[in-house]
Amino acid sequence: MRFFKRNKTKLDEDSMKYGVALITKNDPKSAISEQYRTIRTNLKFSFMKDNFKILAVMSALPSEGKSTVSANLAVSWAEQGRKTLLIDADLRRPTVHQTFKVSNKYGISNIITSSASSVNISEMIDKTDNDYLDILTSGPIPPNPAELLESERFARLLEFLKEKYDFIILDAPPVDTVTDGQIVAAKADGVALVVPQRIARKDAVLQAVRLLNKVDANILGVIMNRFTTGETGGDYYGGYYGGYYGVNEEKE
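Heads up: the sequence shown runs through residues 1 to 252, numbered per full-length UniProt numbering.
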């Protein structure tokens with residue numbers, strides 16, 4: 001059960017330095033990849049029913065797996081032939097550029113802070129080896145992430161991108177640590193909260209739900225990750241035997 005022994009700060013640093021594991025790309029026939037497809041199917045019906053396009057994937061606290069989930073969901077969605085965009089909206093601790101091995105020189109922070117009257121957004125978007133999956137990185141870490149995410153320019157950027165893509169996933173900041181998470185959640189059509197089995201703090205998860213409810217975020221469900229199973233032995237990068245279920249009944 002290796003992941004119970006690893007320091008969460010070390011996990012966070014590793015993700016920022018090396019990116020996260022793309023099991024849906026590297027081992028698409030695995031049971032874990034199949035669970036991502038199951039989550040994708042559940043999300044697909046929710047989004048098609050209400051004509052949603054933007055999903056924010058977030059966790060209560062850092063190092064709980066939200067970047068791994070968002071990246072693998074993006075790959076899974078794109079493999080269906082849906083034009084998908086993965087946006088790194090975690091401006092304080094970005095990982096998407098490392099995961100997909102692209103530059104982070106230009107991204108969201110450049111677009112929002114640009115003094116130009118117009119910005120060629122297509123030049124900021126990176127292609128991947130999947131024709132249906134594009135990446136928009138965070139850009140250089142700004143001194144004022146919350147202000148940028150709350151800006152009208154970011155809201156207009158999302159509206160523009162909704163016209164270009166079938167599905168947009170926001171790798172969003174943790175909810176409990178900074179206000180950034182609430183800001184991003186309020187701009188998404190729906191929110192999926194990543195909760196690691198056994199190591200998640202119940203009070204932190206409940207606090208995350210309360211904070212999301214305060215901004216009227218549309219909490220679609222919880223993605224349980226890091227399950228301990230006989231097949232994976234509880235391996236940190238293999239333990240995504242996810243459950244996806246509604247939590248709307250817990251709204252206060």
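Note that beta-carbon positions come from the ideal geometry of N, C-alpha and C, so glycine has one too. All of these numbers come straight from a predicted model, not from anything done at the bench.
- Excluding sequence positions up to five before and after A186, its CB lies within less than 8 angstroms of the CB of V215, D216, A217, all in the same chain and listed in chain order.
- P142 sits in coil when the DSSP states are folded into three classes, being neither helix nor strand.
- Per DSSP, L170 lies in no alpha helix (DSSP H); the unbroken beta strand (DSSP E) holding it starts and ends at 167-171.
- The three-state reading of DSSP puts V215 in coil, since its state is none of H, G, I, E or B.
- The C-beta distance from V175 to L211 rounds to 5 angstroms, short enough to fall under 8 angstroms.
- In the structure shown, S59 adopts extended strand secondary structure according to DSSP, grouped into three states.
- Here the stretch 55-63 does not lie against the stretch 109-128, with fewer than 3 beta-carbon pairs under 8 angstroms apart.
- Burial state of I223 is buried, judged by a 10 Å Cβ sphere holding 16 or more other Cβ atoms.
- Using a Cβ distance threshold of 8 angstroms, V96 and T137 count as a contacting pair.
- Per DSSP, reduced to three states, the secondary structure at K127 is strand.
- Closest by C-alpha distance to P142, out of A192, I108, G81, is I108.
- The count of Cβ pairs closer than 8 angstroms, one atom from the stretch 153-160 and one from the stretch 68-78, stays below three, leaving the stretches out of contact.
- For the pair F45 and G190, the CB atoms are not nearer than the 8 angstroms cut-off.
- By a beta-carbon distance limit of 8 angstroms, T38 does not contact N72. Their separation comes to about 12 angstroms.
- For Y165, same chain residues with a beta-carbon under 8 angstroms away, outside a window of 5 residues either side, are K53, K83, T84, L85, D134 in chain order.
- Cβ neighbours of I125 within its own chain (closer than 8 angstroms, five residues either side excluded): L85, D134, I135, L136.
- DSSP places V69 in the helix class (H, G or I) of the three-state scheme.
- In this structure, P173 is the residue among E64, D131, S30, P173 with its C-alpha nearest to the C-alpha of L149.
- Of the other Cβ atoms in all chains shown, fewer than 16 fall within 10 Å of the Cβ of E163; this residue is therefore exposed.
- Per DSSP, reduced to three states, the secondary structure at T113 is helical.
- If you compare the alpha carbons of L170, Q197, E152, S33 with that of N225, the shortest gap goes to Q197.
- The continuous alpha helix (DSSP H) containing L157 extends over residues 152-162.
- Pairing I168 with I87 gives a Cβ-Cβ distance under 8 angstroms.
- Within 10 angstroms of the beta-carbon of D90 lie 16 or more other beta-carbons, which makes it buried.
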